[in-house]
Every structure is written in C-alpha cells, then in structure tokens.
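Note sheet for the following structure.
Numbering (the working numbering), first residue to last: 67 to 286.
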C-alpha cells in the first residue's frame, strides 16, 4: 500500500489536461495520483449538458474511494470547480485539501477589462470560447453545486492550502478570502501575482506544483 495518494480534480467544462502538469509532477515524485475525468466532461457540450452536479460529485467520490484503497492517506487538490467537489468529500476525513482558483465569486470584471485593453483580439476570442464551452443548463448545475458547497467550508477539519492567482479573470480573488475565513482547520493562503485562471498552463504553474508538494510534505 502506498503511503500518500493525491486526488486531483479538474474544473467545470474542462478536462484532465487542465491539471496534467500537477499530476505528472506529483507522480514523478513517487506519489500515487488519482486524476479522474468528471462525468460529462472532456467530450461534447451535449454530453456535459446531460450530466448534473451530483454526477460530478460522484465522479470525485469514486476516484477518492479507489485511491483510498491504495493509500494510507489521501490529500485532495481541486482546481477551480474541482475545489468545490473536494469540499463535498469532507466527511471522508482526507488528510489535507488544496484549492486552486476555486470559485465562490466568479468573473473579475476589472481584470477582464485589463486583459481586453492589453490584447482585445486575443482575449475577446478567449471569452467567446469560454462562453460557448457550456450551456445554460450546465451552468445552472454549477451554480447548484456552488450553493450547496459554500456552507461546507466550515466543516473542513483537515489542513488546508488555498491558492489564488490575483490576476484570475474567471474567479474573483476574493473567493480565496471567503474560503480562508470559513475553514476552521489549520490553513494557509498563497496569493500568486500572476497566472490567470488556467494557472497550470502559465509561468506560475511550476510554483503551484511546488507549493502543493511542500504542503504534502508538511502534513507528512
């Protein structure tokens, strides 16, 4: 049986490639890694529309149970919506939780304006693609998940690391403060000046991986 397993959960309307950097990083350092593709994700918008937030939680839960059979302890790392899913597993008593750009408040319109002023054409295309990546039905499911999860942050009893890129245009940086103030367990907040929402595809991706590894070592 492995000593430590790392459960890595991707975000809404994304796939495992969004967190591949972290998964590979932790595997290379000898950790058992579970990185599931959430129900309805990674294929078509129609398939995403057919899934619900309960299906996404079930995907995370099944991955956790598989990993927990292999490892003495599990640390959950959730990117974006993946952080909300990880919180929904609080009752399993994992050894630690890391949230990365996890939403409580979304769309930092000030940062959106800054981005458009720097490169209107490039960011306009990005935001158009993002708006078309999911349907209204799927977004309503996401909102249901967020509403359900917000009261659960106070249930966390394991150590927590909250990571937030301050220039995230999709998740407002105040989300990290909300999470930090409601988690009752021992906690640390890491604010990155750069990285945007897709932080693992940015120059700050390596830094996030290092922060996660240090957190895991601290627990262990």
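Glycine is no exception: its CB is placed at the ideal position from the N, C-alpha and C atoms.
For clarity, every value in this text was computed on a predicted model and none was experimentally measured.
Neighbour-count burial assignment, residue i, 16 or more Cβ in a 10 Å radius
i	result
residue 206	exposed
residue 204	buried
residue 258	buried
residue 136	exposed
residue 70	buried
residue 247	exposed
residue 116	exposed
DSSP bridge partner residues for residue i (one or two, in chain order)
i	result
residue 68	137
residue 250	Per DSSP, none; premise fails for residue 250.
Rounded Cβ spacing between residue i and residue j (contact assumed at less than 8 Å)
i	j	result
residue 84	residue 145	6 Å
residue 171	residue 241	5 Å
Given residue i as reference, the closest of the options once Cα atoms are compared
i	options	result
residue 103	147, 92, 75 and 97	75
residue 141	119, 94, 204 and 160	160
residue 112	120, 87, 202 and 168	202
residue 80	263, 283 and 284	263
residue 101	150, 132, 69 and 221	132
residue 54	158, 93 and 99	There is simply no residue 54 to check, as the chain begins at 67 and stops at 286 in what is shown.
Residue i to residue j span [Cα, whole Å]
i	j	result
residue 271	residue 261	7 Å
residue 254	residue 105	31 Å
residue 267	residue 234	13 Å
residue 230	residue 87	17 Å
residue 228	residue 152	13 Å
residue 168	residue 68	28 Å
residue 128	residue 281	24 Å
residue 78	residue 211	11 Å
residue 118	residue 138	31 Å
residue 121	residue 238	26 Å
residue 219	residue 245	7 Å
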